[in-house]
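Notes follow the structure.
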Amino acid sequence: AEEVGAAIFQATFFRGEVVAKADVLEYAGGGQWDLYEVKSCSRSSYQKYLPDLAFTASAARRAGVSLRSTFMITVNTQGTSDSGVSLFDTIDCTDELLKAQEGLIQMLEESTVGESLDWALQATEGQVPEAKALLHCKKCELFSECVGKGLEHPIWELPRLSEKRF
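Residue numbers (our numbering): 251 to 416.
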């Protein structure tokens, strides 16, 4: 039986080379789901996390999940545990994401992971964060699309490069 309100935490979506995790996926009935991303920000600053939500929603759709709505759960700066005011705000981002992605949804669904990230950022007018090379980047399959983009000879070619020397 389908139970409305049943939730999956850290639902992981795989489709081709795209992998994403939703913080919460809640069954809404009728074969549709609501997707929630939990962020440590306030209602006044949640917009910078829209690219993450857009990418996760795109990955869920690619994996065959029918999404009804997308939400961001943020910290309620007015909430306190003893006041009865909720410590969290739930912001419905469905219309905002659809408006921001107008014309780009199909491209997101058919693109590579790097293209999806670029288009999600463009659609939500986000800025790409400065990439920082870490030792574990050496084995990452996305290295050439991230900190290694355009590098002919990455730092990993140096002999005896260890975490201590890095």
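A virtual CB, placed ideally from N, CA and C, is assigned to each residue, including glycine. Since the structure is predicted, the reported quantities are computational estimates derived from the model, not experimental observations.
By DSSP's assignment, Lys-271 forms a beta bridge with Thr-262. With fewer than three CB-CB distances shorter than 8 Å, the segment 328-339 does not count as touching the segment 302-318. The continuous beta strand (DSSP E) containing Phe-338 extends over residues 338-342. If you draw a straight line from the Cα of Leu-348 to the Cα of Cys-291, it comes to about 22 Å. Membership of Phe-321 in the beta strand (DSSP E) is indicated by the continuous run 316-325.
By the neighbour-count criterion, in which a residue is buried when 16 or more other Cβ atoms sit within 10 angstroms of its Cβ, Ser-316 is exposed.
Annotated three-state conformation of Cys-396 is coil, per DSSP. In the structure shown, Gln-328 falls within a coil segment according to DSSP collapsed to helix, strand and coil. Gln-282 is bridged by DSSP to Gly-279 and Ser-316. In this structure, DSSP gives Ser-333 a state outside helix and strand, which the three-state scheme calls coil. Closest in alpha carbon position to Glu-287, among Pro-404, Gly-400, Ser-295 and Thr-306, is Thr-306. Linking Ser-331 to Ala-272 through their CA atoms gives a straight-line distance of about 26 Å. As computed with DSSP, Ala-304 is found in no beta bridge at all. For Cys-390, the secondary structure class from DSSP, reduced to helix, strand or coil, is coil.
Per the DSSP secondary-structure output, Glu-287 pairs in a beta bridge with Met-322.
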